[in-house]
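Just below is one structure, and these are the notes that go with it.
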Amino acid sequence: LHWEKDGGRIETSGLSGKYSGGNKEKPSLTIRHVTRADSGLYSCLVQHVTRPALASIHLEVLYPASIISISNLAEVSVENHVTFQCVADGNPPPNITWSRGGRLLPSNVYSLSRDVRTSSLVLNDVNVNDSGIYTCSASNGVGK
Numbered sequence: 001l002h003w004e005k006d007g008g009r010i011e012t013s014g015l016s017g018k019y020s021g022g023n024k025e026k027p028s029l030t031i032r033h034v035t036r037a038d039s040g041l042y043s044c045l046v047q048h049v050t051r052p053a054l055a056s057i058h059l060e061v062l063y064p065a066s067i068i069s070i071s072n073l074a075e076v077s078v079e080n081h082v083t084f085q086c087v088a089d090g091n092p093p094p095n096i097t098w099s100r101g102g103r104l105l106p107s108n109v110y111s112l113s114r115d116v117r118t119s120s121l122v123l124n125d126v127n128v129n130d131s132g133i134y135t136c137s138a139s140n141g142v143g144k
């Protein structure tokens with residue numbers, strides 16, 4: 001009996017302490033200090049005289065949303081346009097929102113990219129009333 005992750009054999013006898021079990025005496029595999037890198041397809045393989053047996057499970061590691069990057073400070077002339085971009089990460093993918101001066105902006109004012117991790121705030125025909133501090137926030141319900 002042995003375990004594999006994404007097709008590569010997992011060593012459970014090492015001193016790293018990452019994995020334990022996964023052998024004839026203790027078939028269950030224990031993963032310690034789980035991180036994002038532990039996501040993947042885990043398979044238990046048993047060699048038998050008549051035929052080998054295989055069972056697999058997909059492990060998806062959830063982690064809190066975080067802002068990876070946000071546009072720098074911008075100055076723009078009246079009647080021009082400006083675009084701010086916010087990139088966030090998290091699993092599940094984060095919900096990205098924008099606010100100005102602590103007030104949430106309506107979702108029709110900004111757009112999300114197809115990968116759901118990038119949001120762009122576009123201000124067209126800027127006027128003096130658009131001045132302020134714009135904030136990007138990301139949340140996904142996992143931790144803080």
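Numbering-wise (UniProt numbering), the sequence shown opens with residue 1 and increments by one.
Ideal placement from N, C-alpha and C gives every residue a C-beta, glycine not left out.
In the DSSP assignment, find the unbroken beta strand (DSSP E) run with Ile10 in it and report its ends.
Along the sequence shown, one-based indexing puts residue 10 at 10. Note, Ile10: premise wrong, no beta strand (DSSP E); not H, not E.
Buried or exposed (CB count within 10 angstroms, at least 16 for buried), Ala65:
In the sequence shown, counting from the first residue as 1, residue 65 sits at position 65. Burial call: buried.
Exposed or buried, what is Leu121 when buried is set at 16 or more other beta-carbons lying within 10 Å of its beta-carbon?
Counting from one through the sequence shown, the residue named residue 121 turns up at place 121. Counting Cβ neighbours within 10 Å, Leu121 comes out buried, since at least 16 surround it.
Could you name the residues of the same chain whose beta carbon sits closer than 8 Å to that of Val128, not counting the 5 residues immediately before and after it, in chain order?
Working through the sequence shown from its first residue, we reach residue 128 at position 128. Val78.
Cross-strand partners of Ile70 (DSSP beta bridge)
In the sequence shown, the residue the question calls residue 70 occupies position 70. Bridge partners of Ile70: Cys86.
Residue from Leu1, Thr50, Glu75, Pro92 with nearest C-alpha to Glu25:
Counted from its first residue, the sequence shown places residue 25 at position 25. Nearest option by C-alpha distance: Leu1.
Counting along the chain, where does the beta strand (DSSP E) carrying Val46 start and finish?
By one-based count along the sequence shown, residue 46 stands at place 46. Note, Val46: beta strand (DSSP E), 40-46.
DSSP three-state call for Ser119: helix, strand or coil?
Residue 119 sits at position 119 when you count from the first residue of the sequence shown. If DSSP states are grouped into helix, strand and coil, Ser119 belongs with the strands.
Just to check my reading of the structure: Ala37 and Cys44 have Cβ atoms closer than 8 Å, yes? What is that Cβ distance to the nearest angstrom?
If you number the sequence shown from 1, residue 37 lands on position 37. If you number the sequence shown from 1, residue 44 lands on position 44. No, Ala37 and Cys44 are not in contact; Cβ-Cβ is about 20 Å, not under 8 Å.
What does the alpha-carbon distance come out to for the pair Ser69 and Ser113?
Within the sequence shown, residue 69 is the residue found at index 69, counting from 1. Within the sequence shown, residue 113 is the residue found at index 113, counting from 1. Approximately 15 Å, taken between the alpha carbons.
So, Ile10 versus Tyr42, is the Cβ gap smaller than 9 Å?
The residue labelled residue 10 in the question sits at position 10 within the sequence shown. The residue labelled residue 42 in the question sits at position 42 within the sequence shown. In contact: Ile10 and Tyr42 (Cβ atoms closer than 9 Å).
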